[in-house]
Structure formats: structure tokens, C-alpha cells
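Colleague: There's a structure below that I have some questions on.
2 protein chains.
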Amino acid sequence: MIISDNLKMYVQKLRSSNLRPTKQRLNICQFLFDRKKTFHFTVETLNKKINKNGATKISLATIYNTVEAFTSAGYLKEILTSKNKSYYDTNIKSHHHFYDEGSKELTDIHYSQIKLSKVPVPPKGKKIKNLEVVIRIQK
Amino acid sequence: MIISDNLKMYVQKLRSSNLRPTKQRLNICQFLFDRKKTFHFTVETLNKKINKNGATKISLATIYNTVEAFTSAGYLKEILTSKNKSYYDTNIKSHHHFYDEGSKELTDIHYSQIKLSKVPVPPKGKKIKNLEVVIRIQK
DNA sequence: TATATAGTTTATAATAATTCTAAACTAGAA
DNA sequence: TTCTAGTTTAGAATTATTATAAACTATATA
Chain L
3 MIISDNLKMY VQKLRSSNLR PTKQRLNICQ FLFDRKKTFH FTVETLNKKI
53 NKNGATKISL ATIYNTVEAF TSAGYLKEIL TSKNKSYYDT NIKSHHHFYD
103 EGSKELTDIH YSQIKLSKVP VPPKGKKIKN LEVVIRIQK
Chain W
3 MIISDNLKMY VQKLRSSNLR PTKQRLNICQ FLFDRKKTFH FTVETLNKKI
53 NKNGATKISL ATIYNTVEAF TSAGYLKEIL TSKNKSYYDT NIKSHHHFYD
103 EGSKELTDIH YSQIKLSKVP VPPKGKKIKN LEVVIRIQK
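As C-alpha cells, then:
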């Protein structure tokens with residue numbers, strides 16, 4: 003797949019979510035999704051990496067806005083593992099995580115690697131929105 | 003069980019964890035553990051409830067210190083469900099949680115209500131510290 | 001029992017992540 | 001081309017938490 007083609011794809015994708023394909027959003031799309039492996043990040047790390055090569059500066063507020071917009075549009079998955087900081091994952095398929103307490107890094111666990119043979123019924127009037135397994139690991 | 007007896011018990015408990023049984027810690031013990039049902043709280047709510055009846059004031063810093071000390075002593079379990087805020091649970095037995103996105107409330111799921119028939123092997127050199135299932139629910 | 005000391009509490013300041021604000025900018029409809 | 005609603009931005013505000021340093025206290029031991 004040729005990378006220049008992806009731009010058009012991202013424009014489509016954004017439009018389909020009622021998000022205007024702005025320069026900043028497209029840059030962030032390319033940064034996040036033009037890669038083969040899934041990418042785990044915090045807003046802090048994304049901001050640093052995006053703004054490293056002084057070429058285009060995207061403000062921190064926009065990084066926050068965009069990550070929030072992409073998450074509610076379903077392009078990103080938010081994972082809570084650590085006090086005071088949210089992690090995001092470009093892998094939005096149903097899957098779970100290892101969280102390394104030492105390095106503070108997330109690793110995907112493929113959904114087939116965890117099998118739940120029993121899941122509780124939600125309280126009356128409530129529906130299950132999602133089910134997340136986090137396995138904390140350490141040395 | 004007579005409540006006045008619990009004080010002695012808490013003194014023992016604290017001593018066994020190398021925590022001096024101070025007035026504040028004993029107050030917090032009584033507030034947290036002199037109850038039949040498990041209790042879920044944030045530092046904010048604990049602080050409000052503890053300091054409601056103007057009798058004894060415990061500073062916010064002490065609430066933070068104590069919750070931290072009780073968590074590392076294993077009297078409390080920390081549950082991460084929400085950006086920017088930690089939840090704690092007086093139920094330290096292995097169990098899981100419903101997190102209601104609307105009311106932002108936690109409910110215990112008894113460990114027998116969830117069965118994992120397959121769990122991944124941790125990466126080389128790492129050990130599993132704990133495994134937590136959070137089921138997000140909504141209307 | 002008195003006292004020295006290490007642990008604890010406290011008010012307050014500092015920090016860190018995130019959200020808010022309001023003015024300037026821009027995509028895209030008309 | 002022009003208008004407007006959506007977007008970006010710098011910076012201020014907010015919120016949860018942690019750090020600081022002085023006052024206090026539990027408790028070991030003289």
C-alpha cells in the first residue's frame with residue numbers, strides 16, 4: 003500500500019465521522035496509523051514525537067482535542083493503567099493488555115490469548131459497554 | 003462482634019505492618035473497616051465523609067498518606083477506572099468490578115462470577131502481579 | 001517515669017495532567 | 001467569493017496528587 007494513498011483514505015475516514023480533515027488531524031492520522039505495528043502512547047509522548055522535527059508544530063491543546071475526538075470516533079482505544087495518566091492504543095480490536103509496572107509500558111494481548119468462560123450478568127437496566135483485562139507484570 | 007473490641011484489633015493490625023497506631027489511623031480504620039459491606043471510595047469522598055462531623059479533623063495530606071500506607075500494607079485495593087482519579091476498595095480479596103460510566107460507581111464482582119479458561123504466559127523474565135477485569139456498564 | 005528520636009501529622013506550596021477560554025484561523029456550503 | 005460553524009491555539013484555570021518543612025507524638029530505653 004502506497005503511503006500517499008493513505009491521505010485520501012484518512013480524509014474519507016474523518017469525513018465519515020463528521021470531523022473536518024484539517025492539516026493537524028491528517029498529520030496526526032499519518033503519524034498514528036501509517037505503521038504496521040500497533041502503537042501505545044500517552045498524550046505527553048505523542049506530543050513530543052509529533053513535534054520533534056520542528057517542521058509543523060501542533061499545539062498541545064490540539065493533541066488533546068484530537069486524541070479525544072479520535073477516541074470517541076473509535077479510532078483509538080483508551081486504556082487506564084496508571085494513576086494520573088491515560089494510555090491510548092491504535093489497536094481498537096477487542097483485546098487486552100499487559101502493563102509492566104517497571105517500564106510503565108503496555109503490550110497487547112491478542113483476544114484469543116484470553117478466554118473468559120464465565121461473565122456476570124450486568125445489573126438491571128445496564129448494558130455491558132466493554133470488558134477489559136489488564137494483567138500487571140513485574141520482574 | 004462488639005465495636006469497641008475492634009480498636010484493639012486495629013492497633014494489632016497496624017503494629018504488624020510497622021505502622022504506628024495513631025489517632026488518625028485508628029479513626030480511618032474504624033471508618034473504613036467497621037462495616038459489613040465493602041466500601042468503594044476516592045480520596046475526595048473519604049476526606050469529605052471523615053471530616054463531616056466536625057469532631058475530629060484529619061488533614062487531606064494525612065488521608066492521602068494513610069490510604070497509600072493502607073494500600074501498600076494490603077488493607078486496601080486500588081482500582082483504576084477513571085481518568086485522573088483513583089478508586090479504592092476495602093475488599094482486598096481477588097475480585098473484579100463493574101464500573102458504571104453514568105454514576106461513576108464501582109461494584110464488586112465476586113471472583114466466582116468470572117472464569118478465565120485461558121490466560122497468557124507473561125513475557126520472559128516477568129511475573130504476573132495481578133489480573134484485573136473491569137466491565138464498563140451504561141444504560 | 002523522663003527523654004531522646006524516629007515516625008507522623010499538618011498547612012501549604014509545588015507539580016503534573018487535563019480542561020477551559022476566547023481570539024484567530026479555516027474548511028466547505030451557499 | 002463570502003459567510004459561518006467548526007477548529008486551532010496560547011495561555012489561564014482546574015483538579016488530583018505529591019513534596020516540604022515545621023510541629024507534634026508514640027515508643028524505646030535510660
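Protein sequences, first through last, are from chains L and W. The number in the working numbering is simply the position in the first sequence, starting from 1, with 2 added. The number in the working numbering is simply the position in the second sequence, starting from 1, with 2 added. Beta carbons: idealized from backbone N, C-alpha and C, even for Gly. Predicted, not measured: the structure shown is a model, and the values here were computed from it.
Mark I4 (chain W) as exposed unless 16 or more other C-beta atoms lie within 10 angstroms of its C-beta, in which case mark it buried.
Modeller: Locating residue 4 (chain W) in the second sequence gives position 2, counting from the first residue. In this predicted model, I4 (chain W) has a pLDDT of only 45, less than 50, meaning its place in the structure is not dependable; the value taken from the coordinates is given anyway. I4 (chain W) comes out exposed.
Colleague: Do L108 (chain L) and H99 (chain L) have their C-beta atoms closer together than 8 Å?
Modeller: On the first sequence, position 106 is the one that residue 108 (chain L) refers to. On the first sequence, position 97 is the one that residue 99 (chain L) refers to. Cβ distance < 8 Å, so L108 (chain L) and H99 (chain L) count as in contact.
Colleague: So which residues on chain W does T83 (chain L) lean against when the C-beta distance must stay under 9 Å?
Modeller: For the purposes of this step, residue 83 (chain L) is taken as the residue at position 81 of the first sequence. Within chain W, the residues near T83 (chain L) are L82.
Colleague: What residues from chain L crowd round L118 (chain W), counting only those whose CB sits closer than 9 Å?
Modeller: As a working mapping, residue 118 (chain W) is identified with position 116 in the second sequence. Near L118 (chain W) (Cβ distances below 9 Å), the residues of chain L are I116, K117, L118, S119, K120 and V135.
Colleague: Going by DSSP, what residue range makes up the beta strand (DSSP E) through T44 (chain W)?
Modeller: Indexing the second sequence from 1 puts residue 44 (chain W) at position 42. Premise fails: T44 (chain W) is in no beta strand (DSSP E) and is neither H nor E.
Colleague: How far does the beta strand (DSSP E) with S88 (chain L) in it extend, from its first residue to its last?
Modeller: Residue numbering aside, residue 88 (chain L) sits at position 86 when the first sequence is read from its first letter. From DSSP, the beta strand (DSSP E) with S88 (chain L) extends over K87 to D91.
Colleague: Cα-Cα, which of W:G127, W:K120 and W:Q140 is closest to L133 (chain W)?
Modeller: As a first step, residue 133 (chain W) is located in the second sequence; it is residue number 131 there, counting from the start. Of the listed residues, the one whose Cα sits closest to L133 (chain W) is W:K120.
Colleague: May I ask you to list, following chain order, the residues of the segment 102-114 of chain L that have a beta carbon less than 9 Å from some beta carbon of chain W?
Modeller: Per Cβ criterion, the list reads D102, E103, G104, T109, I111, H112 and S114.
Colleague: What runs of the beta strand (DSSP E), each 3 residues or longer, lie entirely inside the segment 61-126 of chain L?
Modeller: Runs found: 79-84, 87-91, 98-102, 107-111 and 117-120.
Colleague: Bridge partners of Q140 (chain W), per DSSP?
Modeller: The count along the second sequence starts at 1 and reaches residue 140 (chain W) at position 138. DSSP output for Q140 (chain W) lists L:K129 as bridge partner(s).
Colleague: So is H42 (chain L) buried or exposed if we call it buried at 16+ other beta carbons inside 10 Å?
Modeller: In the first sequence, the residue the question calls residue 42 (chain L) occupies position 40. Under this definition H42 (chain L) is a buried residue.
Colleague: Tell me whether the beta-carbon of T40 (chain W) lies closer than 8 Å to the beta-carbon of T92 (chain W).
Modeller: Locating residue 40 (chain W) in the second sequence gives position 38, where the first residue counts as 1. Locating residue 92 (chain W) in the second sequence gives position 90, where the first residue counts as 1. Against a cut-off of 8 Å, the Cβ pair of T92 (chain W) and T40 (chain W) comes out as a contact.
Colleague: Do G127 (chain L) and K141 (chain W) have their beta-carbon atoms positioned less than 8 Å apart in this structure?
Modeller: On the second sequence, residue 141 (chain W) is found 139 positions in, with the first residue counted as 1. On the first sequence, residue 127 (chain L) is found 125 positions in, with the first residue counted as 1. A contact, by the Cβ cut-off of 8 Å.
Colleague: Would you call the segment 110-124 of chain W in contact with the segment 65-74 of chain W, where contact means no fewer than 3 C-beta pairs closer than 8 Å?
Modeller: Output reads no: the segment 65-74 of chain W does not touch the segment 110-124 of chain W.
Colleague: According to the neighbour-count rule (16 or more other Cβ atoms, all chains shown, within 10 Å of its Cβ), is R22 (chain W) buried or exposed?
Modeller: Within the second sequence, numbered from 1, the residue matching residue 22 (chain W) stands at position 20. R22 (chain W) is exposed by the Cβ-count criterion.
Colleague: Applying the 10 Å Cβ sphere with the 16-neighbour rule, what's the burial state of L78 (chain W)?
Modeller: Taking the first residue of the second sequence as position 1, residue 78 (chain W) is located at position 76. It counts as buried.
Colleague: Exposed or buried, what is R37 (chain W) when buried is set at 16 or more other beta-carbons lying within 10 Å of its beta-carbon?
Modeller: Here residue 37 (chain W) corresponds to residue number 35 of the second sequence, with the count starting at 1. Classification of R37 (chain W): exposed, given that the 10 Å Cβ count is below 16.
Colleague: At the 8 Å Cβ level, is Q140 (chain L) part of the contact set with chain W, yes or no?
Modeller: Taking the first residue of the first sequence as position 1, residue 140 (chain L) is located at position 138. Interface residue, yes.
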